[in-house]
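Student: If you read the sequence shown in this note's numbering, its first letter stands for residue 3, the second for the next number, and so on. Quick reminder that beta carbons are idealized off the backbone N, C-alpha and C, glycines included. There's a structure below that I have some questions on.
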Amino acid sequence: MITNGFTYIAVLVFIAALLVWLQRYTKSKFFDYAPPIVLLYLITMILCTLGAWDMEATKPAYSVLKNNLLYAMIFLMLLRCDIRKIIKLGPKMLGGFFAASVSISVAFIATFAIMKGPLGSEAWKALGALCGSWMGGSGNMIAVQAALDIGEADMAYALVVDSIDYSIWVMFLLWAINLAPKFNKWVKADTTTLDEVSRRLEEDAKSNEDKATFVNLIFLLGLALVISAFGQDIGAALNSAMPFLDKATWTVLLITLSGLIGAVTPVGRMAGSTELSNLLLYSVVALLASRASFLELTDAPAWILAGFMILAIHGIILVLLAKIFHLDMFTCGVASLANIGGSASAPILAGAYSGALVPVGVLMALMGYVIGTAGGLITANIMSLLA
């Protein structure tokens, strides 16, 4: 059993590194269906369940790192979110994205109303965190967890649904690619706009081929850590002056604003933010999952069923909207996964349609990251009214 805090952190980061390395060098199709970040959840939770580390002895290391790295990660991710580029997606794709987001929120509210008996009246908190994740990625889940002060035991339910149900949804969407021609014909979708957006994004990518350098990496890392540190200090001060929002919410808002401003400055064009933000994302996810034991998931079957119910309602609503507004399969699928999987999987699905469309998946995922925390918190508050 690991009792040393540094050893605990080292093992978590090594597991993340090993999974990413295996995906890169084995090029196994297995990782198309089970991305490294999902496997990281499961493996780390299994190790926690088996007692690989002492929970009390390693808690100080966990407590010191989790939020500090989280806020640095949020800032770095948002540096890639140039609002001017997102506008290039066009109204139909933006509409498809928001249709997916709204349908997910409705699905969570409806599922909680139906399943609050088996899940418990306080399940809205963990479901809110899961909704944050399913509107843009794991970073939003952690941000909602901090804002709602959700304990690790309750988060374990959200994590297991995020791991199991999400993985099956990714597999389903990858399989559904084969149905795209029939689906597009059925909804009478026009893919002309999609083809034009793809061409423009390819041109943008070719005009910015800088590589991450040591100078870029150390500057971005230092800037992100400083933003994280001062953001928390200012967030605490704002909470004292205006307590209608807690410290975590003020901090997230400040970090988000800093990232969006940075994205339209020369800092946003510096290569390296993607690599650093992914490194921090995997580290934070490993930390979070390392405090969740499967032994605490006595109600897991009900939660897994609730997760599939959410996905089913979301899928039905999205298909109906696609029929009404003539949205193509690519837009629907990538919009869904940009919300539910975020930057970890939306580009994978986009690339499965065409390598030229990967940037669309990236930009949609970044949109999800921008709205995910707010969407999760709003949905959680609505569900709390039904508790």
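Looking at the structure shown, is I2 part of a helix, part of a strand, or coil, going by DSSP?
Tutor: Residue 2 lies beyond the residue range present for the chain, which begins at 3 and ends at 389; the question has no answer from this structure.
Student: Taking the C-alpha atoms as reference points, what is the distance between G119 and K325?
Tutor: Their Cα atoms are separated by approximately 34 Å.
Student: Return the first residue and the last residue of the alpha helix (DSSP H) that H316 is part of.
Tutor: Where H316 is concerned, the enclosing alpha helix (DSSP H) stretches over A302 to F327.
Student: Just checking my contact of A354 with G274 at CB under 8 Å: how many whole Å lie between their CB atoms?
Tutor: Contact doesn't hold; Cβ gap of about 27 Å is too wide.
Student: Helix, strand or coil for W136, going by three-state DSSP, please let me know.
Tutor: In the structure shown, W136 sits in coil (DSSP, three-state: anything other than H, G, I, E or B).
Student: Quick one: any contact between the segment 145-152 and the segment 329-345, if contact means 3 or more CB pairs under 8 Å?
Tutor: No: the two stretches stay apart, fewer than three of their Cβ pairs being nearer than 8 Å.
Student: With a CB to CB cut of under 6 Å and the five nearest residues on each side skipped, what residues in its chain are close to A109?
Tutor: Cβ within range, chain order: I312, I315 and H316.
Student: Using the beta-carbon count (16 or more within 10 Å), is P62 buried or exposed?
Tutor: Label assigned to P62: exposed.
Student: Please name the residue or residues paired with I4 in a DSSP beta bridge.
Tutor: Its beta-bridge partners are W55.
Student: The alpha helix (DSSP H) with S123 in it runs from where to where?
Tutor: Segment: none, S123 is in no alpha helix (DSSP H) and carries neither H nor E.
Student: If I'm right that I319 touches S105 with Cβ under 8 Å, what's the distance once you round it to whole angstroms?
Tutor: That pair is a contact at about 4 Å.
Student: Between the segment 58-73 and the segment 301-309, do three or more beta carbon pairs fall short of 8 Å?
Tutor: No: the two stretches stay apart, fewer than three of their Cβ pairs being nearer than 8 Å.
Student: Helix, strand or coil for D167, going by three-state DSSP, please let me know.
Tutor: Here D167 sits in helix by DSSP.
Student: Give the secondary structure of D235 by DSSP, where H, G and I count as helix, E and B as strand, and everything else as coil.
Tutor: Correct three-state label for D235: helix.
Student: Roughly how many angstroms lie between the CA atoms of G478 and I236, to the nearest whole one?
Tutor: Nothing about residue 478 can be read from this structure; the chain reaches only from 3 to 389.
Student: Taking C-alpha atoms, which residue in L71, I11, K31 and A12 lies nearest to L176?
Tutor: For L176, the nearest C-alpha among the options comes from K31.
Student: Using the rule of at least 16 other Cβ atoms within 10 Å of the residue's Cβ for burial, across every protein chain shown, is T46 buried or exposed?
Tutor: Flag for T46 reads buried.
Student: Taking 8 Å as the cut-off, does the segment 218-233 touch the segment 116-132 (at least 3 CB pairs, one atom from each stretch)?
Tutor: Because the criterion of three Cβ pairs below 8 Å is not met, the segment 116-132 and the segment 218-233 do not touch.
Student: Alpha carbon to alpha carbon, how far is A207 from P183?
Tutor: For A207, the pLDDT reaches just 49, beneath the cut-off of 50, and the residue's location in the model is therefore unreliable, although a value from the coordinates is still provided. Their Cα atoms are separated by approximately 28 Å.
Student: Is there contact here, the segment 334-345 with the segment 95-105, by at least three beta-carbon pairs under 8 Å?
Tutor: They touch, by the three-pair rule.
Student: For the ligand ADP, is there any heavy atom lying closer than 7 Å to the beta carbon of I312?
Tutor: Ligands displayed in this structure: none; no statement on the ligand ADP is therefore possible.
Student: Where do the N-terminal and C-terminal ends of the alpha helix (DSSP H) with A191 fall, by residue?
Tutor: Where A191 is concerned, there is no enclosing alpha helix (DSSP H), given that its DSSP letter is neither H nor E.
Student: Work out the CA separation of A36 and A250 for me, nearest whole Å.
Tutor: Spanning the two alpha carbons is a distance of roughly 31 Å.
Student: For A352 and N6, what's the separation of their Cα atoms in angstroms?
Tutor: Going by the C-alpha atoms only, they are around 42 Å apart.
Student: Less than 8 Å between the CB atoms is what I'm expecting for A243 and A158, so what's the real figure, rounded?
Tutor: With a Cβ gap of about 35 Å, A243 and A158 do not count as contacting.
Student: Could you check the C-alpha separation between M173 and P245 for me, to the nearest Å?
Tutor: Rounded to the nearest angstrom, the two C-alpha atoms are 44 Å apart.
Student: Along the alpha helix (DSSP H) that carries G335, what are the first and last residues, could you check?
Tutor: M331 to I342 is the extent of the alpha helix (DSSP H) around G335.
Student: What's the call for N341, buried or exposed, on a 16-neighbour Cβ count within 10 Å?
Tutor: Buried: at least 16 other Cβ atoms inside 10 Å.
Student: Beta carbon of M75, beta carbon of L282: below 8 Å?
Tutor: Taking 8 Å as the Cβ cut-off, M75 and L282 qualify as a contacting pair.
Student: Between M385 and W171, is the Cβ-Cβ spacing less than 8 Å?
Tutor: No, the pair does not count as a contact, with Cβ atoms beyond the cut-off.
Student: Quick check: the Cα distance between T113 and F216, rounded to an integer number of angstroms?
Tutor: About 48 Å.
Student: Would you call the CB atoms of L14 and A288 closer than 8 Å?
Tutor: It is a contact, given that the beta carbons lie within the stated cut-off.
Student: Compare the Cα-Cα distances from L256 to each of L223, A238 and M272 and report the closest residue.
Tutor: The residue with the shortest Cα to Cα distance from L256 is A238.
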